[in-house]
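*Asks:*
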Amino acid sequence: MRIIDTQRSGNCWKVRLLASFVGIDLQRRTLSIDRGDLQSASFLAHAPMKRVPVLELDDGRTLSESGAILFYLAQGTPWWPQALHDQAQTLAWMHFEQEQHMRPLAQLRLHLALRKDLTPADAPARAWRQEGHEALAILEARLATGRQWVSTETAPSISDVALYPYTRMAPMGGIDLARYPQVQRWIDRIEGLPGYAPLFPGQPDLTLSTLEKTSG
Ligand SMILES: N[C@@H](CCC(=O)N[C@@H](CS)C(=O)NCC(=O)O)C(=O)O
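All residue numbers for the sequence shown refer to this note's numbering, where the first residue is -8 and numbers rise by one.
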């Protein structure tokens, strides 16, 4: 199996992170948004939704959308819970991530840290900051009920994986995670799990960097 990804994408990081947790050896084909690779005919032939991540199966079929890929890779592992209510809760928190959490936090990081084409005072940044804080407050409240993981009581699930990258990288967009102590402890728990994989393999200190390596 292979992931078509980009180096700094949090949505792609989710997929590599879960693969690492469950011990799937995922090959990578790493593209560059800056170089325009996502406009190329060879990428678009595999990516009807025109976004990374894309999972390529060994038989040539492909899957888009990070949440769908996490669901696929987690089958038969404890990361997709068995009880129906836990499964539904996991989906609920993954929808929350896509609807309320990922977009404002990703946009802040993209425009304030990576592209640097907006300032914190610009209206879109102010709106994303408010939405991002609202999403993090919801996550904080969920974890403040004494639970270790977002959707299941006893073990992490793919909802934790889905919510982790853009939470972890929120400081790049000017969000101070010190306001969310439960979230910080949850981040520490995820990073302490066997198989944890940082954004840049072997270089955890680069997670909050704006680096894009020219090779690989
Ligand atoms: N809902 C999608 C979002 C994927 C997404 O936004 N991917 C970004 C990288 S993080 C992308 O491909 N951007 C390219 C572009 O906007 O042209 C998912 O969760 O997989």
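Cβ coordinates follow ideal geometry from the N, Cα and C atoms, glycine included.
(1) Ordered along the chain, which non-local residues of its own chain (more than five positions away) have a Cβ less than 6 Å from that of T198?
(2) Please report the straight-line C-alpha distance between W71 and S150, rounded to a whole angstrom.
(3) Is it the case that the CB of L29 approaches a heavy atom of ligand 1 more closely than 6 Å?
(4) Report the rounded CA-to-CA distance for P195 versus Y187, giving the unit in angstroms.
(5) According to DSSP, which residues form a beta bridge with V45?
(6) Under three-state DSSP, which class holds Q73?
(7) Please tell me whether, using a cut-off of 6 Å, the distance from the CB of R159 to the nearest non-hydrogen atom of ligand 1 is below it.
(8) State the Cα-Cα distance for the pair S206 and D(-4), rounded to the nearest angstrom.
(9) Beta carbon of L48, beta carbon of L9: below 7 Å?
(10) What are the boundary residues of the beta strand (DSSP E) that includes R117?
(11) Would you mind reading off the limits of the beta strand (DSSP E) that contains L22?
(12) Secondary structure at V141, three-state DSSP: helix, strand or coil?
(13) Kindly list the residues whose CB is nearer than 7 Å to the CB of V174, restricted to its own chain and excluding five residues on each side of it in sequence; keep chain order.
(14) What is the rounded straight-line gap between the Cα of D28 and the Cα of L22?
(15) Quick check on DSSP: helix, strand or coil for S148?
(16) Reducing DSSP to helix, strand and coil, say where R7 ends up.
(17) Relative to the alpha-carbon of W4, which residue among S57, A118, M40, S33 has its alpha-carbon at the smallest distance?
(18) Does the segment 142 to 149 come close enough to the segment 71 to 86 that 3 or more CB-CB pairs lie under 8 Å?
(19) Any heavy atom of ligand 1 closer than 6 Å to the CB of E47?
(20) Taking 6 Å as the cut-off, is the CB of E56 close to at least one heavy atom of ligand 1?
*Replies:* Taking the coordinates as given:
(1) So the qualifying residues of the chain are P189, L190.
(2) The alpha-carbon atoms of W71 and S150 are separated by roughly 9 Å.
(3) A heavy atom of ligand 1 is found nearer than 6 Å to the CB of L29.
(4) For P195 and Y187, the distance between alpha carbons rounds to 10 Å.
(5) Looking at the DSSP assignment, V45 forms a beta bridge with I(-5), S55.
(6) In this structure, Q73 counts as coil in the three-state DSSP scheme.
(7) Short note on R159: C-beta not closer than 6 Å to any heavy atom of ligand 1.
(8) Any answer about S206 is weak, because its pLDDT of 47 lies below 50 and its placement is not dependable; what the coordinates show is given next. Rounded to whole angstroms, S206 to D(-4) spans 14 Å at the Cα level.
(9) The beta carbons of L48 and L9 sit no closer together than 7 Å.
(10) Boundaries around R117 are those of the alpha helix (DSSP H), 114 to 134, since no beta strand (DSSP E) includes it.
(11) Note, L22: beta strand (DSSP E), 18 to 22.
(12) For V141, the three-state secondary structure derived from DSSP is coil.
(13) In chain order, L127, L130, E131, L134, T158, L168 place their CB closer than 7 Å to the CB of V174, counting only its own chain and leaving out the 5 sequence neighbours on each side.
(14) If you take the alpha carbons of D28 and L22, they lie about 6 Å apart.
(15) Here S148 carries a coil assignment [DSSP, helix/strand/coil].
(16) R7: helix per DSSP, three-state reduction.
(17) In terms of CA proximity to W4, S57 leads the group S57, A118, M40, S33.
(18) By the C-beta criterion, the segment 71 to 86 is judged to be in contact with the segment 142 to 149, since at least 3 inter-stretch pairs fall below 8 Å.
(19) No.
(20) Checking every heavy atom of ligand 1 against the Cβ of E56, one is found closer than 6 Å.
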